[in-house]
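Protein sequence lines, in the order shown, are assigned to chains A and B. Here our numbering runs 64 ahead of the position in the first sequence, where the first position is 1. Here our numbering runs 64 ahead of the position in the second sequence, where the first position is 1. Glycine included, every Cβ here is placed at the ideal spot set by N, Cα and C. Below is one structure, written out as structure tokens, with a few remarks after it.
Number of protein chains: 2
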Amino acid sequence: MSIRVGICGHGNLGRGVEHAIMRCDDMELVAIFTRRNPSQVIPVTQGARVIHIAEVLDMKAQIDVMVLCGGSVTDLPQQTPEFAEHFNVVDSFDTHADIPAHFEKVDAAAKRGGRSAIISAGWDPGLFSLNRMMSNAILPDGCDYTFWGKGLSQGHSDAIRRIPGVVDARQYTVPIESALHSVRSGENPYLTPRQKHRRECYVVAQEDADKEKIRQEIVNMPNYFSDYDTSVTFVTREELLRDHNEMPHGGFVIRSGKTGDAPNGHIIEYRLKLDSNPEFTASVLVAYARAAYRLNREGEYGCRTIFDIPPAYISPLSEAELRERFL
Amino acid sequence: MSIRVGICGHGNLGRGVEHAIMRCDDMELVAIFTRRNPSQVIPVTQGARVIHIAEVLDMKAQIDVMVLCGGSVTDLPQQTPEFAEHFNVVDSFDTHADIPAHFEKVDAAAKRGGRSAIISAGWDPGLFSLNRMMSNAILPDGCDYTFWGKGLSQGHSDAIRRIPGVVDARQYTVPIESALHSVRSGENPYLTPRQKHRRECYVVAQEDADKEKIRQEIVNMPNYFSDYDTSVTFVTREELLRDHNEMPHGGFVIRSGKTGDAPNGHIIEYRLKLDSNPEFTASVLVAYARAAYRLNREGEYGCRTIFDIPPAYISPLSEAELRERFL
Chain A
65 MSIRVGICGH GNLGRGVEHA IMRCDDMELV AIFTRRNPSQ VIPVTQGARV IHIAEVLDMK
125 AQIDVMVLCG GSVTDLPQQT PEFAEHFNVV DSFDTHADIP AHFEKVDAAA KRGGRSAIIS
185 AGWDPGLFSL NRMMSNAILP DGCDYTFWGK GLSQGHSDAI RRIPGVVDAR QYTVPIESAL
245 HSVRSGENPY LTPRQKHRRE CYVVAQEDAD KEKIRQEIVN MPNYFSDYDT SVTFVTREEL
305 LRDHNEMPHG GFVIRSGKTG DAPNGHIIEY RLKLDSNPEF TASVLVAYAR AAYRLNREGE
365 YGCRTIFDIP PAYISPLSEA ELRERFL
Chain B
65 MSIRVGICGH GNLGRGVEHA IMRCDDMELV AIFTRRNPSQ VIPVTQGARV IHIAEVLDMK
125 AQIDVMVLCG GSVTDLPQQT PEFAEHFNVV DSFDTHADIP AHFEKVDAAA KRGGRSAIIS
185 AGWDPGLFSL NRMMSNAILP DGCDYTFWGK GLSQGHSDAI RRIPGVVDAR QYTVPIESAL
245 HSVRSGENPY LTPRQKHRRE CYVVAQEDAD KEKIRQEIVN MPNYFSDYDT SVTFVTREEL
305 LRDHNEMPHG GFVIRSGKTG DAPNGHIIEY RLKLDSNPEF TASVLVAYAR AAYRLNREGE
365 YGCRTIFDIP PAYISPLSEA ELRERFL
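See the structure below:
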């Protein structure tokens, strides 16, 4: 018996979830739900059904878990609580400051409906959070560091695109090697934003645009760029499409802690290097979809996060198999 | 109300557990149990009680969780099942092949006594296992790599000490940078033992010993050294004590996986760099001691491993605090 999965939303993340399901023998895609005209959505999975979101409740009995693939700004704050009353759900809600409020709303809805929900199950929040939390519990005396990149930042790319004279842009966040090196050596440095990351921008300007003016507007933009060393490279539209069409990301979570009298120093480092941010996030979501389904079968209703889930629940293998193969 | 902890065994690991408890506000050391004459055991913790192991059952009511600090060869296979009937226990049993059998025995004993046990809660097995397991669930299509070191190997050091003419020795396992680099770049190489690790030996020989003969015996020793590039450096007893008296260890768990059609490559890397192997292992044990105590309060009897424990259980913070601080 496969776990029957629904996908809500069909952007990069939704397509990534389709791909991830194909690599899981214990799961099958039931349908993709969309706000668009279903005939305009082209699934990755051959023969997959596409259904308008207005009809989603008709599919309650056919779906074991719904993977919500909308955005964190407007879609998920509304969708996850709504869906959690009717479906087991998993989302990758990533507005860190709003997680506690989101949790409460989803928790109430899921309990009302006798459903199991898992929120913020991506890599940050998600796997990075898990490593921060566990490393702090194991080494209570220490310092935390998170570096991101090299990775494409959608928010920073959008900020550049809003500048007059800019046609298109991509921004990469890049961790600074010397800072990483200092952290790994146990020096526990204090690091400013500028010392941790630099920003690389690739910009397509209008033909008649004042490029130096655009450059100045970028590097001096408060919050986004002014606290960082920022490089701006002007490229053609063709170069941008050819060289900057991927969505790589990743980063480093490092805990540097001390034990004993000496004291002795320890470094716990978790690193992700991702060729495709949405496809990897989708893979995490699908593993946690498995956990949401299992929680529900066990009568564990309400909202959970990656901190609350026994890791074995994300695997298709039995506990005995896991002990034999991985312990 | 503190969690009241007992320690059984007072070698490097037991002393490390004392240190770890001191750094946890929610825990207190009740007593150290030993097979030796208690008057000969010198606790790290001022005023700590030392009690002969024969009297351990008299302390059942005073101890919330017992941390078992014996060795995996002879102590733990006997002690953990024995103790698990009377105490909540945690151990770092590390004979990988014997874990399934150990689990069954401990599980039966803990269930009989209404106790909660966690086995193999160190870093390998333990944190490394967790990362192998989770990375496999998230990226089902990929390759696994584990590198150890740079670290002191007790087993290999002992093997050298058994050679006639050798007074003392230390062996370090060292991961080979070029292999690490190849794995991180997503090449998914096939690696022989020789390509993954090299072995560095520091040896004190008897004055009249034939050093070249000792060197040959080391580098040609089957299983231990013959499959590796091994360097042998002869040092004086004083140099060994001065330069090789620490117990560093660590390593790398890497999953290199693919998603999507392109396909896109992803690297998940977990790294530990430990100045003191026993003190770090002790810190993991103490965090999981917290989990064993909590499992028991919730009526979850029997044996568990790191795969079965909700990560939040190893933290002294509440779920709401964890979401706010770490998610």
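Within the 9 Å Cβ cut-off, does residue i reach chain A?
i, result
"residue 379 of chain B", "yes"
"residue 200 of chain B", "yes"
"residue 180 of chain B", "no"
"residue 95 of chain B", "no"
"residue 78 of chain B", "no"
"residue 336 of chain B", "yes"
"residue 289 of chain B", "no"
"residue 193 of chain B", "yes"
Just the Cα atoms here: how many angstroms apart are residue i and residue j?
i, j, result
"residue 85 of chain A", "residue 205 of chain B", "12 Å"
"residue 302 of chain A", "residue 327 of chain A", "56 Å"
"residue 211 of chain A", "residue 156 of chain A", "20 Å"
"residue 389 of chain B", "residue 236 of chain B", "38 Å"
"residue 159 of chain B", "residue 82 of chain B", "24 Å"
"residue 144 of chain B", "residue 78 of chain A", "47 Å"
"residue 269 of chain A", "residue 289 of chain A", "18 Å"
"residue 178 of chain B", "residue 121 of chain B", "15 Å"
"residue 132 of chain B", "residue 219 of chain B", "21 Å"
"residue 323 of chain B", "residue 115 of chain B", "56 Å"
"residue 136 of chain B", "residue 73 of chain B", "12 Å"
"residue 251 of chain A", "residue 75 of chain B", "29 Å"
"residue 215 of chain A", "residue 226 of chain B", "52 Å"
"residue 129 of chain A", "residue 187 of chain A", "20 Å"
"residue 260 of chain A", "residue 341 of chain A", "21 Å"
"residue 241 of chain B", "residue 101 of chain B", "47 Å"
"residue 320 of chain B", "residue 243 of chain A", "25 Å"
"residue 104 of chain A", "residue 343 of chain A", "22 Å"
"residue 254 of chain B", "residue 292 of chain B", "16 Å"
"residue 364 of chain B", "residue 267 of chain B", "49 Å"
"residue 274 of chain A", "residue 229 of chain A", "8 Å"
With a Cβ-Cβ cutoff of 9 Å, do residue i and residue j count as a contact?
i, j, result
"residue 374 of chain A", "residue 201 of chain B", "no"
"residue 69 of chain B", "residue 247 of chain B", "no"
"residue 338 of chain B", "residue 331 of chain A", "yes"
"residue 127 of chain A", "residue 99 of chain A", "no"
"residue 213 of chain A", "residue 315 of chain A", "yes"
"residue 367 of chain A", "residue 95 of chain A", "no"
"residue 357 of chain B", "residue 67 of chain B", "yes"
"residue 184 of chain B", "residue 369 of chain B", "yes"
"residue 297 of chain B", "residue 265 of chain B", "yes"
"residue 148 of chain B", "residue 125 of chain B", "no"
Tell me where the alpha helix (DSSP H) around residue i begins and ends.
i, result
"residue 335 of chain A", "Per DSSP, residue 335 of chain A belongs to no alpha helix (DSSP H); it is in the beta strand (DSSP E), 328 to 338."
"residue 288 of chain A", "Premise fails: residue 288 of chain A is in no alpha helix (DSSP H) and is neither H nor E."
"residue 192 of chain A", "191 to 202"
"residue 218 of chain A", "218 to 225"
"residue 305 of chain A", "301 to 307"
"residue 342 of chain A", "341 to 361"
"residue 124 of chain B", "Segment: none, residue 124 of chain B is in no alpha helix (DSSP H) and carries neither H nor E."
"residue 390 of chain B", "383 to 390"
"residue 87 of chain B", "Per DSSP, residue 87 of chain B belongs to no alpha helix (DSSP H) and is neither H nor E."
"residue 260 of chain B", "257 to 260"
Chain E partners of residue i, CB-CB under 7 Å?
i, result
"residue 189 of chain A", "Absence of chain E from the displayed structure is noted, the protein chains being A and B."
At what residues does the beta strand (DSSP E) containing residue i begin and finish?
i, result
"residue 91 of chain B", "91 to 98"
"residue 180 of chain B", "180 to 182"
"residue 366 of chain B", "366 to 368"
"residue 270 of chain B", "Neither: residue 270 of chain B is in no beta strand (DSSP E) and is coded neither H nor E."
"residue 320 of chain B", "313 to 323"
"residue 235 of chain B", "230 to 239"
For chain B, find out if any of its Cβ atoms is closer than 9 Å to the Cβ of residue i; answer yes or no.
i, result
"residue 71 of chain A", "no"
"residue 144 of chain A", "no"
"residue 109 of chain A", "no"
"residue 372 of chain A", "yes"
"residue 306 of chain A", "no"
"residue 173 of chain A", "no"
"residue 360 of chain A", "no"
"residue 207 of chain A", "no"
"residue 41 of chain A", "Shown here, chain A extends from 65 to 391; a query on residue 41 of chain A therefore has no answer."
"residue 315 of chain A", "no"
"residue 348 of chain A", "yes"
"residue 234 of chain A", "no"
"residue 213 of chain A", "no"
task: Just list the beta strand (DSSP E) runs in the segment 100 to 170 of chain B, keeping only unbroken ones of 3 residues or longer that don't cross its boundaries, in chain order.
output: 113 to 116 and 129 to 132
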